[in-house]
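Following the numbering used here, the numbering of the sequence shown begins with 220 at its first residue and continues without gaps. Backbone N, C-alpha and C fix where the C-beta goes; we use that ideal spot for every residue, glycine too. The next block holds one structure in the form of structure tokens; read it before the comments.
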Amino acid sequence: MGSLRMRWLNVSAALTILTIVVSFSVAYSANHQLFGTVKMPILRGYGGTTFEDIRNFELWRVVTAQLIHAKQAHMLLNALCLLLLGSLVESRVGGWWTFSIWLIAGGIATVISPILIEAPWNVGTGASQATFAFAGCATVLALSDALKRKPAWTLIALVVLPGFALDLIYDGYPKPGHVAGFVLGMIFGKLYMNRRSTGLRLSHKS
């Protein structure tokens with residue numbers, strides 16, 4: 220029972236819970252209802268990010284922007300993907316590496332996400348960029364046989380297929396934030412595998 224409990228007390232679970240709590244709290248504060256849609260200009264006041272904010276060194280928004288969502292049903296899907304795919308990646312790379320992927324890859328991709336959108340709607344928010352980052356990392360790990368391929372491809376598909384499908388339906392193109400998140404996640408996956416290979420070579424020499 221203790222080992223099962225520890226399996227779920229990980230960074231991915233903590234980020235998932237934090238995302239759900241913060242996003243619902245913001246939705247209720249903004250609209251006085253949990254499942255109402257929050258407009259992007261309003262979300263900026265709650266921690267969403269724009270290029271202007273980053274130029275003003277409001278770097279804390281890289282964190283807060285990933286926790287808030289315009290639509291809470293979408294947030295719950297992101298939270299599920301964050302928990303399942305994040306935990307799978309974390310089981311291989313560990314908690315600090317997982318947090319770094321979320322913070323750096325997810326954060327940069329969230330900043331990039333509104334690049335094609337006009338003000339005042341050009342506000343980066345949401346956890347989907349981080350889920351794409353985990354999908355990119357998991358892709359590299361699966362191709363390198365560092366993860367079991369069947370569960371990895373299943374969870375990668377759970378993130379990528381609905382994400383890009385919705386992008387094409389509503390925007391007509393893959394969102395820059397999703398593409399950036401996936402690519403940055405692949406870079407993190409490659410860096411991890413290179414680091415792992417270097418460690419194995421050094422241990423064999425010693």
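Classified as buried, F407 has 16 or more neighbouring CB atoms from the shown chains inside 10 Å of its CB. Buried is the label assigned to S242, since at least 16 other Cβ atoms lie within 10 Å of its Cβ. In the DSSP assignment, G305 forms no beta bridge with any residue. The alpha helix (DSSP H) runs of length 4 or more contained entirely in the segment 281-336 are, from start to end of the chain, 291-312, 314-319, 326-331. Between the C-alpha atoms of I388 and S363 there is a straight-line separation of about 33 Å.
Excluding five sequence positions before and after P339, the CB atoms of its chain that fall closer than 6 Å to its own CB belong to P260, given in chain order. Between the segment 361-376 and the segment 334-352, the count of Cβ pairs shorter than 8 Å is below three; the stretches do not touch. In the three-state reduction of the DSSP assignment, T256 falls in the coil class. The C-beta distance from I334 to P395 rounds to 5 Å, short enough to meet the 8 Å contact threshold. A Cβ-Cβ contact shorter than 7 Å links Y265 with V245. Closest by C-alpha distance to R263, out of N250, A232, R280, R414, is R280.
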